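Below you'll find the structure, written out as structure tokens, and then a few comments.
Numbering (UniProt numbering), first residue to last: 1 to 297.
What follows is the structure, given as structure tokens:
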């Protein structure tokens, strides 16, 4: 680690964890070694979304992150929601939904998926559930779930094929996990951020998949700050081709995202998602202002 950044407050951007607790623990051990225990403990840590699914230990990941304020009381922890987190949170009814709940008549998935989840009880919860929650909770033997959420159910000791899997998951979900998931942000905005590559930068805007390129920035930020769910596809979480760093966002603004399955550390759109939930890849973080890349073992 260069001496230039050693005494400045660090901003640590952590890529998509996707249920890999062992990698997350390893990453924090390496961060402590690389930037020092004191600097890490007083840093601003931004998780870029997609805490859940794919990996085997979603429950352990949520335990680790929920414990950070007690372990590091001087650390500022900010946590973005990703599209996987959106699926789990809406399946568990942890996020307020203002629209886009039932799938449109004749809804057809963009790729082969299990049929949308249907409540096996007499409560008919699926009738009020956001589309992404129903997709997240779907299961059919021989068909891959769109979110790979089977691993998350299993991490809580729930059989994803159980017709009453929602009730089983809710009864197994610790209160600390529910609080964490219900408080995830759609945008994290930080002032006084330094970037050695771009001295004019003094602000960070972090969104899971990037801002929409054509939509006015103030309009986007207002909706993201309020965490309004009024549509079936939230572009800033989904990451289609119309997201990234808009040209008119401001020369002083650094945009950070996860989601895209790559590690991109050049320019003013940082993408930190080297792991992408894959067993064979390392979990990465980028440390500002020096843009140091730190990875799990």
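Ideal Cβ positions, reconstructed from N, Cα and C, are used throughout, including at glycine. This structure is a prediction, so every number in the text was calculated from the model and none was measured.
- Residue 33 counts as exposed, since fewer than 16 other C-beta atoms from the protein chains shown sit within 10 angstroms of its C-beta.
- Counting along the chain, residue 204 sits inside the beta strand (DSSP E) bounded by residues 203-206.
- Only residues of its own chain outside the window of five on either side were considered, and among them none has a CB closer than 7 angstroms to the CB of residue 38.
- For the pair residue 236 and residue 273, the Cα-to-Cα distance works out to about 15 angstroms.
- Using a Cβ distance threshold of 7 angstroms, residue 52 and residue 85 count as a contacting pair.
- The C-alpha of residue 270 is placed about 5 angstroms away from the C-alpha of residue 264.
- Taking residue 184 as the centre and dropping the five residues before and after it, the same chain places the C-beta of 79, 81 and 85 closer than 6 angstroms to its C-beta, in chain order.
- Assignment of residue 191 by DSSP, reduced to helix, strand and coil, places it in the strand class.
- Exposure of residue 98 is indicated by the presence of fewer than 16 other C-beta atoms within 10 angstroms of its C-beta.
- The C-beta distance from residue 208 to residue 83 rounds to 7 angstroms, short enough to meet the 8 angstroms contact threshold.
- Taking the Cα positions, residue 244 is about 37 angstroms away from residue 161.
- The alpha-carbon of residue 94 is positioned some 21 angstroms away from that of residue 145.
- Nearest to residue 23 by alpha-carbon distance, out of 276, 292, 88 and 290, is 276.
- For residue 172, the uninterrupted alpha helix (DSSP H) run begins and ends at 165-172, by DSSP.
- If you compare the alpha carbons of 149, 140 and 28 with that of residue 163, the shortest gap goes to 140.
- When the Cα atoms are used, residue 283 and residue 291 turn out to be separated by approximately 16 angstroms.
- Straight across, the Cα-Cα distance linking residue 278 with residue 54 is about 8 angstroms.
- Assignment of residue 236 by DSSP, reduced to helix, strand and coil, places it in the helix class.
- Excluding five sequence positions before and after residue 254, the CB atoms of its chain that fall closer than 6 angstroms to its own CB belong to 195, 201, 204 and 268, given in chain order.
- For residue 176, the closest alpha carbon among the candidates 123, 65, 74 and 154 is that of 65.
- By the criterion of a C-beta distance shorter than 8 angstroms, residue 151 is surrounded in its chain by 19, 53, 54, 55, 56 and 58, once the five residues flanking it on both sides are discounted.
- Going by C-alpha positions, residue 227 is about 29 angstroms away from residue 158.
- Ranking 21, 15 and 43 by CA distance to the CA of residue 190 puts 43 first.
- Under the three-state reduction of DSSP, residue 140 is assigned to strand.
- Under the 10 Å beta carbon count, residue 258 is surrounded by 16 or more other beta carbons and is classified as buried.
- Counting the other Cβ atoms within 10 Å of the Cβ of residue 11 gives 16 or more, which makes it buried.
- Taking C-beta atoms as the reference points, residue 116 and residue 89 fail to come closer than 7 angstroms.
- Under the DSSP assignment, residue 47 falls in the beta strand (DSSP E) whose first and last residues are 44-47.
- A buried status is given to residue 14, since no fewer than 16 other beta-carbon atoms sit within 10 Å of its beta-carbon.
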